[in-house]
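Peer 1:
Residue numbers (my numbering), protein chains in the order written: chain A, 9 to 259; chain B, 27 to 414.
(1) Compare the C-beta of residue 54 of chain A with all C-beta atoms of chain B and state if any pair is closer than 9 angstroms.
(2) Helix, strand or coil: which one does DSSP assign to residue 219 of chain B?
(3) Along the segment 70 to 101 of chain A, where does the CB come closer than 8 angstroms to a CB of chain B? Name the residues.
(4) Apart from the five residues just before and just after residue 265 of chain B, which ones in its own chain have a Cβ nearer than 6 angstroms to its Cβ?
(5) If I measure Cβ to Cβ from residue 252 of chain B and keep anything under 7 angstroms in the same chain, skipping five residues before and after, which residues do I get?
(6) Could you tell me whether the Cβ of residue 195 of chain A comes closer than 9 angstroms to any Cβ of chain B?
(7) Which residues bound the alpha helix (DSSP H) around residue 51 of chain B?
(8) In angstroms, rounded to a whole number, what distance separates the CA positions of residue 48 of chain A and residue 318 of chain B?
(9) Quick one: grab the DSSP three-state call for residue 28 of chain B.
(10) So that I know if they touch, is there some Cβ in chain B lying closer than 9 angstroms to that of residue 120 of chain A?
(11) Do residue 105 of chain A and residue 216 of chain A count as a contact pair if the criterion is CB distance below 9 angstroms?
(12) Which of the three DSSP states is assigned to residue 110 of chain A in this structure?
(13) Can you find the residues in the same chain that come closer than 7 angstroms, C-beta to C-beta, to residue 139 of chain B, ignoring five residues on each side of it along the sequence?
(14) When you compare only the Cα positions, how much space is there between residue 91 of chain B and residue 392 of chain B?
(15) Exposed or buried, residue 220 of chain A, counting other C-beta atoms within 10 Å across all chains shown (16 or more means buried)?
(16) Hey, would you say residue 238 of chain B sits closer than 9 angstroms to residue 117 of chain B, going by beta carbons?
(17) Where DSSP assigns a beta bridge to residue 10 of chain B, which residues make up the other side?
(18) Using 9 angstroms as the limit for Cβ to Cβ distance, is residue 27 of chain B near chain A?
(19) Taking the alpha carbon of residue 294 of chain B as the point to measure from, which residue in B:372, B:115, B:50, B:107 has its own alpha carbon closest?
(20) Chain B partners of residue 22 of chain A, CB-CB under 7 angstroms?
(21) Take every Cβ of the segment 265 to 279 of chain B, pair it with every Cβ of the segment 373 to 380 of chain B, and state whether three or more of those distances are shorter than 8 angstroms.
(22) How about the segment 305 to 313 of chain B and the segment 340 to 352 of chain B: do they share at least three Cβ pairs that are nearer than 8 angstroms?
(23) Quick check on the burial criterion: 16 or more other C-beta atoms within 10 angstroms. Buried or exposed for residue 67 of chain B?
(24) Closest by CA to residue 142 of chain B, which one among B:201, B:365, B:30, B:174?
(25) Any beta carbon from chain A within less than 9 angstroms of residue 147 of chain B's own beta carbon?
(26) DSSP beta-bridge partners for residue 304 of chain B?
(27) Using a Cβ distance threshold of 8 angstroms, determine whether the segment 147 to 155 of chain B contacts the segment 77 to 84 of chain B, with at least three qualifying pairs required.
(28) By how many angstroms is the C-alpha of residue 210 of chain A removed from the C-alpha of residue 63 of chain A?
(29) Tell me, to the nearest whole angstrom, how far the beta carbon of residue 147 of chain B is from that of residue 323 of chain B; I am working on the premise that it is less than 8 angstroms.
(30) Rounding to the nearest angstrom, what Cα-Cα distance links residue 218 of chain B and residue 178 of chain A in this structure?
(31) Taking 9 angstroms as the cut-off, decide whether the C-beta atoms of residue 203 of chain B and residue 216 of chain B are in contact.
(32) Measure from the C-beta of residue 221 of chain B to each C-beta in chain A and report whether the shortest distance is under 9 angstroms.
(33) For the segment 105 to 122 of chain B against the segment 47 to 62 of chain B, do three or more pairs of beta-carbon atoms, one drawn from each stretch, fall closer than 8 angstroms, so that the two count as touching?
(34) Can you pull the chain A residues whose beta carbon is under 7 angstroms from the beta carbon of residue 410 of chain B, in chain order?
(35) Alpha carbon to alpha carbon, how far is residue 27 of chain B from residue 24 of chain A?
(36) Expressed to the nearest angstrom, what Euclidean distance is found between the alpha-carbon atoms of residue 249 of chain B and residue 65 of chain A?
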């Protein structure tokens, strides 16, 4: 079977983000985009499946502007076989539209047995694209997986949920979203980085139609209030407890 | 994770291609995640982080710019950027990779026989075998032509006698490239370190490059087969070709060390408050930070241009000398300024600028001292050699 991994370019989590002056999105000037860390887990898992002989081909698919190519090449350097970029220059694209574009690209491939996504992108954090994609493509979906074992026509997956852990068997083809803990993504070897340049890289168009949702205004979070030192030593404890209870309301 | 942010005021990044950026970013992540957490301990203990060797090999950093024999075959510019990132971590770690790649694998690749290449290069690319480069002697540093180490033919063998000093990787090596005079001519020899008569002793008491092995090699009637001569090595110029390759990497590496110091000093200056405002808001502190970013920017451009010329096959030795000389000097000055901005904190291991400063004192001297590089450039522009 073929495994498709959905990849997005995002600002690094430690980047200092500025909102663009018109409030429409972030100021991309000087931001060095990276492969979404959760998508990195998904790529690593797909490459491991291929190395274990469970997958024949790993295809990475991205929706975004031209420089999304760089993060798709990262995925190729990690061991994916070929890349498909659905070009989209809209600064913001709602999750359903992205899921449709991905479903369209995946629909063009024969023999896809598994689709892996990051659980969320670290910038938009909608956690919606994976399950929406599964719905459109008519596939089963398990979110936040931390273990994947591919069997004959099914996959056994493990996920940690609030207050419990679950072992689930899902029929293939299916969409799985990767949670931290699934694996430790490898560093791309220098040789693989050079090889990635020669791997097939296709571009696709998609008619996004009217947007389902638009960002009206993006604002940075409010500035943090200055802290307060209530005193020194054990004598300050009663006052601290009082403030934590009455003002901060955390006790 | 280390919150490192490399200064790039002139967007030198935009002058790199995707592949070069990707190689740089991979090594940058590796350094943040694997080198930074252990380097303070190793520097303090005076030990080389040997545990990193297999992963450095697996990434393809050893002999990365060489073709074939398991080497990655990246461009010279990408090789330089890799060195920049390694030295952002520590000059000692960069030295290890420089010596293995430029001073051992490069001469085997360039001057070696097919058998020698097959025997050593694949195992050296993975880090399974380690090498060192023996040129400098206790009494012959800037003037290697005065070397006293001799090789004498005896039947099917050569017999080597002499002492080499300040040899990076010496006591952890499986093989040494020893430069010795054979019938009055300097040639390169492969000397396995387990041969009788060969001793490697570490030089104790260093306060610089503490996370790197520096040794003395003593050869007393060491017998090697004649097939251990690097057949295409031809005089001192062969050894100098190796040095040019390593110096090229240092020109980039020094930029990384300076970037690390700048990043740390800027972060500290913004966070540390005195007289009710951040250090970064004082004119004198800004002047130091601007000096640093100014010199780093020039150093980046110098290194990148050098890389492009090397990739085009047009680079000259004096151009490498100019970049090595300038960039190590500006990195050392940047480290000192960073230490100054950090005040007392700058002398502790909690911060990196003091370690970089101590390291760069060695880098300033090795691979051709600052002054010797001035004389190389001086000879080029005046036509007069002023070495002696």
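Idealized CB from N, CA, C, for every residue including glycine.
Computed from a predicted structure; not experimentally measured.
Peer 2: In this structure, then:
(1) Position 46 of the first chain, counted from the start, is the residue given in the question as residue 54 of chain A. Closer than 9 angstroms: no.
(2) Residue mapping note: residue 219 of chain B aligns to position 193 of the second chain, counting from 1. Coil.
(3) If the cut-off is 8 angstroms between Cβ atoms, the segment 70 to 101 of chain A has 77, 78, 81, 82, 85 near chain B.
(4) By one-based count along the second chain, residue 265 of chain B stands at place 239. Residues of the same chain with a CB within less than 6 angstroms of the CB of residue 265 of chain B, apart from the 5 flanking positions on each side, are 161, 205 in chain order.
(5) Sequence index remark: in the second chain, residue 252 of chain B carries index 226 (1-based). Excluding its 5 nearest sequence neighbours in each direction, residue 252 of chain B has C-beta neighbours in its own chain below 7 angstroms: 182, 183, 184, listed in chain order.
(6) Counting from 1 along the first chain, the entry for residue 195 of chain A is found at position 187. Yes, residue 195 of chain A lies at the interface with chain B (some Cβ there is under 9 angstroms from its Cβ).
(7) Taking the second chain and counting its residues from 1, one reaches residue 51 of chain B at position 25. Run containing residue 51 of chain B: 44 to 56, per the alpha helix (DSSP H) assignment.
(8) In the first chain, residue 48 of chain A corresponds to position 40, counting from 1. In the second chain, residue 318 of chain B corresponds to position 292, counting from 1. Roughly 35 angstroms separates the two Cα atoms.
(9) On the second chain, residue 28 of chain B is found 2 positions in, with the first residue counted as 1. With a pLDDT of 49 at residue 28 of chain B, under the threshold of 50, the modelled position of this residue cannot be trusted, and the question is left open.
(10) Translated into positions along the first chain, residue 120 of chain A becomes position 112. Residue 120 of chain A does not count as touching chain B.
(11) Residue 216 of chain A sits at position 208 when you count from the first residue of the first chain. Residue 105 of chain A sits at position 97 when you count from the first residue of the first chain. In this structure, residue 216 of chain A lies near residue 105 of chain A, with their beta-carbon atoms less than 9 angstroms apart.
(12) Sequence index remark: in the first chain, residue 110 of chain A carries index 102 (1-based). Collapsing the DSSP output to three states places residue 110 of chain A in a helix.
(13) Residue 139 of chain B sits at position 113 when you count from the first residue of the second chain. Once the five neighbours on either side are set aside, the close Cβ partners of residue 139 of chain B are 257.
(14) Position 65 of the second chain, counted from the start, is the residue given in the question as residue 91 of chain B. Position 366 of the second chain, counted from the start, is the residue given in the question as residue 392 of chain B. The straight-line gap from Cα to Cα measures roughly 22 angstroms.
(15) The count along the first chain starts at 1 and reaches residue 220 of chain A at position 212. With fewer than 16 neighbouring CB atoms inside 10 Å of its own CB, residue 220 of chain A falls in the exposed class.
(16) Along the second chain, read from residue 1 onward, the residue named residue 238 of chain B stands at position 212. Along the second chain, read from residue 1 onward, the residue named residue 117 of chain B stands at position 91. Contact flag set, yes.
(17) Missing from the structure shown is residue 10 of chain B; chain B here goes from 27 to 414 and no further.
(18) The residue given as residue 27 of chain B occupies position 1 in the second chain. Unreliable placement is indicated for residue 27 of chain B, whose pLDDT of 39 sits below 50; no coordinate value is reported for it.
(19) As a working mapping, residue 294 of chain B is identified with position 268 in the second chain. When B:372, B:115, B:50, B:107 are compared, the shortest CA-CA separation from residue 294 of chain B is found for B:372.
(20) The residue labelled residue 22 of chain A in the question sits at position 14 within the first chain. At a C-beta separation below 7 angstroms, residue 22 of chain A has these neighbours in chain B: 29.
(21) In this structure the segment 265 to 279 of chain B does not lie against the segment 373 to 380 of chain B, because fewer than three pairs of beta carbons, one per stretch, are closer than 8 angstroms.
(22) For the pair of segments examined, the segment 305 to 313 of chain B was found not to touch the segment 340 to 352 of chain B: the number of CB pairs separated by less than 8 angstroms stays below three.
(23) For the purposes of this step, residue 67 of chain B is taken as residue 41 along the second chain, with counting starting at 1. Classification for residue 67 of chain B: exposed.
(24) Position 116 of the second chain, counted from the first residue, corresponds to residue 142 of chain B. The candidate whose alpha carbon is nearest that of residue 142 of chain B is B:201.
(25) Along the second chain, read from residue 1 onward, the residue named residue 147 of chain B stands at position 121. Judged by the 9 angstroms Cβ criterion, residue 147 of chain B is not in contact with chain A.
(26) Here residue 304 of chain B refers to the residue found at position 278 of the second chain. Residue 304 of chain B is bridged to B:299.
(27) A contact exists between the segment 147 to 155 of chain B and the segment 77 to 84 of chain B.
(28) Residue numbering aside, residue 63 of chain A sits at position 55 when the first chain is read from its first letter. Residue numbering aside, residue 210 of chain A sits at position 202 when the first chain is read from its first letter. When rounded, the distance between both Cα atoms is 21 angstroms.
(29) By one-based count along the second chain, residue 147 of chain B stands at place 121. By one-based count along the second chain, residue 323 of chain B stands at place 297. Incorrect: roughly 37 angstroms between the Cβ atoms, too far for contact.
(30) Here residue 218 of chain B refers to the residue found at position 192 of the second chain. Here residue 178 of chain A refers to the residue found at position 170 of the first chain. Between residue 218 of chain B and residue 178 of chain A, the C-alpha separation is close to 58 angstroms.
(31) Working through the second chain from its first residue, we reach residue 203 of chain B at position 177. Working through the second chain from its first residue, we reach residue 216 of chain B at position 190. Their beta carbons are under 9 angstroms apart, which means residue 203 of chain B touches residue 216 of chain B by this criterion.
(32) What you label residue 221 of chain B is simply residue 195 of the second chain in a count that begins at 1. It does not: the Cβ of residue 221 of chain B has no partner Cβ on chain A nearer than 9 angstroms.
(33) Touching, per the Cβ criterion.
(34) Position 384 of the second chain, counted from the first residue, corresponds to residue 410 of chain B. Simply none; closest approach about 43 angstroms.
(35) Within the second chain, the letter at position 1 stands for residue 27 of chain B. Within the first chain, the letter at position 16 stands for residue 24 of chain A. Because residue 27 of chain B carries a pLDDT of 39, less than 50, the predicted location of this residue cannot be relied on, and the following value inherits that uncertainty. Residue 27 of chain B and residue 24 of chain A: Cα-Cα distance of roughly 16 angstroms.
(36) The count along the second chain starts at 1 and reaches residue 249 of chain B at position 223. The count along the first chain starts at 1 and reaches residue 65 of chain A at position 57. So the alpha carbons of these two residues sit roughly 54 angstroms apart.
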